[in-house]
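This report concerns only the one structure given below.
Protein chains: 2
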Amino acid sequence: MKEYFIGIDLGGTKIAGVITDLKGNIIKENIIKTMAEYGDKAIVLRIINLIEDLIISSGKTLEDIRAVGIGSPGPLDPKRGIIITTPNLPFENFDIITPIKEKFNVPVFLDNDANVAAIGEYTLGAGKNTKNMVYITVSTGIGGGAIINGKIYRGNTFNALEIGHMTLLPDGPKCNCGNYGCFEALASGTAISKRAEEAVESGRDTSLLNYFKITSYEVFKEAEKGDSVSRHIIDSSLEYLGIGIANIITLFDPEVIILGGGVMKAGQIIFDRIKEVVDQRCFKNMASACKIVPSALGEKSGVIGAIALAMMETE
Amino acid sequence: MKEYFIGIDLGGTKIAGVITDLKGNIIKENIIKTMAEYGDKAIVLRIINLIEDLIISSGKTLEDIRAVGIGSPGPLDPKRGIIITTPNLPFENFDIITPIKEKFNVPVFLDNDANVAAIGEYTLGAGKNTKNMVYITVSTGIGGGAIINGKIYRGNTFNALEIGHMTLLPDGPKCNCGNYGCFEALASGTAISKRAEEAVESGRDTSLLNYFKITSYEVFKEAEKGDSVSRHIIDSSLEYLGIGIANIITLFDPEVIILGGGVMKAGQIIFDRIKEVVDQRCFKNMASACKIVPSALGEKSGVIGAIALAMMETE
Chain X
1 MKEYFIGIDL
11 GGTKIAGVIT
21 DLKGNIIKEN
31 IIKTMAEYGD
41 KAIVLRIINL
51 IEDLIISSGK
61 TLEDIRAVGI
71 GSPGPLDPKR
81 GIIITTPNLP
91 FENFDIITPI
101 KEKFNVPVFL
111 DNDANVAAIG
121 EYTLGAGKNT
131 KNMVYITVST
141 GIGGGAIING
151 KIYRGNTFNA
161 LEIGHMTLLP
171 DGPKCNCGNY
181 GCFEALASGT
191 AISKRAEEAV
201 ESGRDTSLLN
211 YFKITSYEVF
221 KEAEKGDSVS
231 RHIIDSSLEY
241 LGIGIANIIT
251 LFDPEVIILG
261 GGVMKAGQII
271 FDRIKEVVDQ
281 RCFKNMASAC
291 KIVPSALGEK
301 SGVIGAIALA
311 MMETE
Chain R
1001 MKEYFIGIDL
1011 GGTKIAGVIT
1021 DLKGNIIKEN
1031 IIKTMAEYGD
1041 KAIVLRIINL
1051 IEDLIISSGK
1061 TLEDIRAVGI
1071 GSPGPLDPKR
1081 GIIITTPNLP
1091 FENFDIITPI
1101 KEKFNVPVFL
1111 DNDANVAAIG
1121 EYTLGAGKNT
1131 KNMVYITVST
1141 GIGGGAIING
1151 KIYRGNTFNA
1161 LEIGHMTLLP
1171 DGPKCNCGNY
1181 GCFEALASGT
1191 AISKRAEEAV
1201 ESGRDTSLLN
1211 YFKITSYEVF
1221 KEAEKGDSVS
1231 RHIIDSSLEY
1241 LGIGIANIIT
1251 LFDPEVIILG
1261 GGVMKAGQII
1271 FDRIKEVVDQ
1281 RCFKNMASAC
1291 KIVPSALGEK
1301 SGVIGAIALA
1311 MMETE
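Line by line, the protein sequences give chains X and R.
Residue numbers for the first sequence follow the numbering used here, so the first one is 1 and each next one is one higher.
Residue numbers for the second sequence follow the numbering used here, so the first one is 1001 and each next one is one higher.
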């Protein structure tokens, strides 16, 4: 009867999978290791095994599956189902959907993880009942996806919303991409921990000295406890986060901006500061019309997003 | 037989109008003064007279007119046909389309001048045969409009692509909008002439001293002749222009960016410098896939854009 979807969230260290009903309710879920070191074909086999496990353990058969959605790091070509290249996975112009399609004889859809999360929030999360929304994830990098007039907006080369690489400070710190002053070189989790490590190395008096390894989590924690170096780092990073989001509002004029990713775990302090900066930098009517809210799907945004991709493409 | 369109380009000092066939070929055109000092209703009457003149002078009747398109400075509400407010015209939440609709009993459509120019380039100009494109006008300010999946993208409050107010330099010069370091405070014609005036006032040795009033045109001219102060101003402004355009590519990943507005008259030097900056700041595949070209409609982008708006809305 084809009343179930399968969603796969492919990452550098693990692959998560779910089987859901047509409304996106999870029937079974599972997480396996990626084992990227065994190469591209081995990963496809592991995904195929994961899909079989999900079907069998939920008491279903292949005839019950309407479609499979896959979210993967990019850049990739969603039309041809090809992962072009990606830092933590052994893919080079690799067609990941044909072997899965052929194995199961069901439609398989691929998109990059930020787009998949955007589709997930739009269909089943914090973006329900909107027409135009932008999803932004802030973790080691900064990525994004936009729903425009009810559809995912992929752009000409499928790279739209590469928001982590928007220039916000032309003479700012060097980004991994080679450019200077990119959004993610100023406001990502990596930017926060890098600035903290620089402060420690330069001998500043800070409670960050107590840590062997500093992630953005520790910097937020010490800032909250009153450490002035940490406070300064967080304040400056959140200002840039606010500026980047203000630019997204100025350009996309969306109904809602949904924020996900590890850095968002720091909670309300982030939203308060972003709102402050957005109010300073955007036109009043645009700023007040645009809600800025946390992801509703949270850590499930990858798998549920993959389900939502399969839903959207088979509508 | 309804085989003609009328396009109106409403400006602070003049109102231009054209009547065209269904392909956008101009049959007759006319330009009258706005006479904004006589108030909102007087402007509507002048537009009505202009439309009547265009119909009569081209030997047509009201029965020949399929629709009227109007481009106006914004912000405005294209759905309700209301001009919300605009600096150089006496409108406050003024319904400009109802009186014209009632007078002629034809459909009347309104949009802001940047969107109208974008629709014009998409339908009849440099954006033909694309699906995703961005139009940018650089003159006293910087504005823009985007076609996404073949449709003008207006956003939630109809203010999408307020690109002049994207922050590019957080501690940069103050913009008219009250924010600091906006794109148009760094790269518009006004920004260029303002920087030139500051250079003159500060006693710099420059050939700009020969002018009583300096617009961006004089600064480009003196830069070309070798004046080092002018060169520096132009180079810095064009770098910001390139950064702003690089951000648009990074976010919208369009097939083409079309540049219009008075500053573009300086010609190839602008495109060369923009390309250089875009290549530095964008991902290679996105930069090389996106053409950056001059407006094909030029000074007619307002009236022909209004025609294209009428075409698009009556399709």
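Built from N, CA and C at the ideal position, the CB exists for glycine as well.
Predicted model only: the values in this text are computed from it and were never measured.
The segment 1004 to 1022 of chain R in contact with the segment 25 to 41 of chain X per 3-pair CB rule at 8 Å:
no
Is the segment 1133 to 1144 of chain R in contact with the segment 135 to 144 of chain X, if contact means three or more CB pairs nearer than 8 Å?
no
Contact criterion: CB-CB distance below 8 Å. Does residue 304 (chain X) meet it with respect to chain R?
Position 304 of the first sequence, counting from 1, holds the residue named residue 304 (chain X). Chain R contact via Cβ: absent.
What does residue 1316 (chain R) reach in chain X if we use C-beta pairs closer than 7 Å?
An answer regarding residue 1316 (chain R) cannot be provided, because it is not within the stretch 1001 to 1315 covered by chain R.
What whole-angstrom Cβ distance do residue 1050 (chain R) and residue 1008 (chain R) have, given they're in contact under 8 Å?
Working through the second sequence from its first residue, we reach residue 1050 (chain R) at position 50. Working through the second sequence from its first residue, we reach residue 1008 (chain R) at position 8. So it is a contact: roughly 7 Å between Cβ atoms.
Note the first and the last residue of the continuous beta strand (DSSP E) segment covering residue 210 (chain X).
Position 210 of the first sequence, counted from the start, is the residue given in the question as residue 210 (chain X). It is not in any beta strand (DSSP E) - residue 210 (chain X) carries neither H nor E in the DSSP assignment.
Own chain, CB closer than 6 Å to residue 1227 (chain R), minus 5 neighbours either side, in chain order:
Within the second sequence, numbered from 1, the residue matching residue 1227 (chain R) stands at position 227. For residue 1227 (chain R), where only same-chain residues beyond five positions count, the Cβ hits under 6 Å are 1206, 1207.
N- and C-terminal bounds of the alpha helix (DSSP H) containing residue 40 (chain X):
As a working mapping, residue 40 (chain X) is identified with position 40 in the first sequence. Per DSSP, residue 40 (chain X) belongs to the alpha helix (DSSP H) from 40 to 57.
Name the chain X residues whose beta carbon is nearer than 7 Å to that of residue 1166 (chain R)?
Numbered from its first residue, the second sequence carries residue 1166 (chain R) at position 166. Within chain X, the residues near residue 1166 (chain R) are 247, 250, 251.
Against chain X: residues of the segment 1170 to 1201 of chain R by CB proximity under 8 Å
1170, 1177, 1179
Flag residue 1255 (chain R) as yes if its beta-carbon sits less than 8 Å from any beta-carbon of chain X, otherwise no.
By one-based count along the second sequence, residue 1255 (chain R) stands at place 255. Chain X, which has a Cβ nearer than 8 Å to the Cβ of residue 1255 (chain R), makes this yes.
Exposure label - residue 1212 (chain R); buried when at least 16 CB within 10 Å:
As a working note, residue 1212 (chain R) is residue 212 in the second sequence. Exposed.
Could you name each continuous beta strand (DSSP E) segment of 3 residues or more that falls completely within the segment 1065 to 1097 of chain R, going from the start of the chain to the end?
1065 to 1072, 1082 to 1085, 1092 to 1095
Classify residue 1210 (chain R): buried if its beta carbon has 16 or more other beta carbons within 10 angstroms, exposed otherwise.
Within the second sequence, residue 1210 (chain R) is the residue found at index 210, counting from 1. Exposed, because fewer than 16 other Cβ atoms sit within 10 Å of the Cβ of residue 1210 (chain R).
C-alpha distance - residue 1273 (chain R) paired with residue 1239 (chain R), whole-angstrom precision:
What you label residue 1273 (chain R) is simply residue 273 of the second sequence in a count that begins at 1. What you label residue 1239 (chain R) is simply residue 239 of the second sequence in a count that begins at 1. Going by the C-alpha atoms only, they are around 7 Å apart.
Would you call the segment 1089 to 1106 of chain R in contact with the segment 1285 to 1298 of chain R, where contact means no fewer than 3 C-beta pairs closer than 8 Å?
no
Whether or not the segment 186 to 205 of chain X and the segment 1164 to 1180 of chain R are in contact is what I'm after, with contact meaning three or more pairs of Cβ atoms, one per stretch, closer than 8 Å; do they touch?
no
Under the three-state DSSP convention, the category residue 153 (chain X) falls into:
Mapped onto the first sequence, residue 153 (chain X) falls at position 153. The answer is coil: DSSP assigns residue 153 (chain X) none of H, G, I, E or B.
Could you tell me whether the Cβ of residue 1286 (chain R) comes closer than 8 Å to any Cβ of chain X?
To locate residue 1286 (chain R), count along the second sequence from 1; it is residue 286. Yes, residue 1286 (chain R) counts as interfacial toward chain X.
Please name the residue in R:1172, R:1177, R:1071, R:1125 whose C-alpha comes closest to that of residue 250 (chain X).
For the purposes of this step, residue 250 (chain X) is taken as the residue at position 250 of the first sequence. Among R:1172, R:1177, R:1071, R:1125, the Cα nearest to that of residue 250 (chain X) belongs to R:1177.
Proximal chain R residues relative to residue 161 (chain X), where beta-carbon distance stays under 7 Å
If you number the first sequence from 1, residue 161 (chain X) lands on position 161. Per Cβ cutoff of 7 Å: 1251.
Under the three-state DSSP convention, the category residue 272 (chain X) falls into:
By one-based count along the first sequence, residue 272 (chain X) stands at place 272. In this structure, residue 272 (chain X) counts as helix in the three-state DSSP scheme.
Just checking, does the segment 177 to 186 of chain X make contact with the segment 250 to 270 of chain X on the three C-beta pairs under 8 Å criterion?
no
I'd like the span of the beta strand (DSSP E) that includes residue 1179 (chain R), first residue to last.
Locating residue 1179 (chain R) in the second sequence gives position 179, where the first residue counts as 1. Taken as a continuous stretch (DSSP letters only), residue 1179 (chain R) belongs to no beta strand (DSSP E), as it is neither H nor E.
Buried or exposed: residue 298 (chain X), going by 16 or more other Cβ atoms within 10 Å of its Cβ?
Numbered from its first residue, the first sequence carries residue 298 (chain X) at position 298. The residue in question, residue 298 (chain X), is exposed, as its Cβ has fewer than 16 Cβ neighbours within 10 Å.
Is residue 1314 (chain R) close to chain X, meaning its C-beta is less than 8 Å from at least one C-beta of that chain?
One-based indexing of the second sequence puts residue 1314 (chain R) at position 314. False, the Cβ-Cβ gap to chain X never drops below 8 Å.
At a Cβ threshold of 8 Å, is residue 281 (chain X) touching chain R?
Within the first sequence, numbered from 1, the residue matching residue 281 (chain X) stands at position 281. Chain R contact via Cβ: present.
Pull up the distance between the alpha-carbon of residue 152 (chain X) and that of residue 1042 (chain R), whole angstroms please.
Counted from its first residue, the first sequence places residue 152 (chain X) at position 152. Counted from its first residue, the second sequence places residue 1042 (chain R) at position 42. The alpha-carbon atoms of residue 152 (chain X) and residue 1042 (chain R) are separated by roughly 45 Å.
Measuring only between beta-carbons, confirm whether residue 1157 (chain R) sits less than 8 Å from chain X.
Your numbering for residue 1157 (chain R) matches position 157 in the second sequence. Answer yes: the Cβ-Cβ gap between residue 1157 (chain R) and chain X drops below 8 Å somewhere.
Taking 8 Å as the CB-CB cut-off, is residue 1132 (chain R) touching chain X?
Reading the second sequence from its first residue, position 132 is the one you call residue 1132 (chain R). Yes, residue 1132 (chain R) counts as interfacial toward chain X.
What does residue 243 (chain X) touch in chain R if you count any residue whose Cβ is under 7 Å from its own?
For the purposes of this step, residue 243 (chain X) is taken as the residue at position 243 of the first sequence. In chain order: 1167, 1170.
At the level of alpha carbons, what is the spacing between residue 1093 (chain R) and residue 1110 (chain R)?
Position 93 of the second sequence, counting from 1, holds the residue named residue 1093 (chain R). Position 110 of the second sequence, counting from 1, holds the residue named residue 1110 (chain R). About 14 Å.
Within this structure, are the beta carbons of residue 116 (chain X) and residue 296 (chain X) separated by less than 8 Å?
In the first sequence, counting from the first residue as 1, residue 116 (chain X) sits at position 116. In the first sequence, counting from the first residue as 1, residue 296 (chain X) sits at position 296. Cβ distance not < 8 Å, so residue 116 (chain X) and residue 296 (chain X) don't count as in contact.
Mind checking residue 190 (chain X): buried by the 16 CB within 10 Å criterion, or exposed?
Locating residue 190 (chain X) in the first sequence gives position 190, counting from the first residue. Residue 190 (chain X) comes out buried.
So, at 8 Å on beta carbons, what are the nonlocal neighbours of residue 200 (chain X) in its own chain, with the 5 sequence-adjacent residues on each side left out?
On the first sequence, position 200 is the one that residue 200 (chain X) refers to. Closer than 8 Å at the Cβ level, and outside the excluded window around residue 200 (chain X), lie 206, 208, 209, 214.
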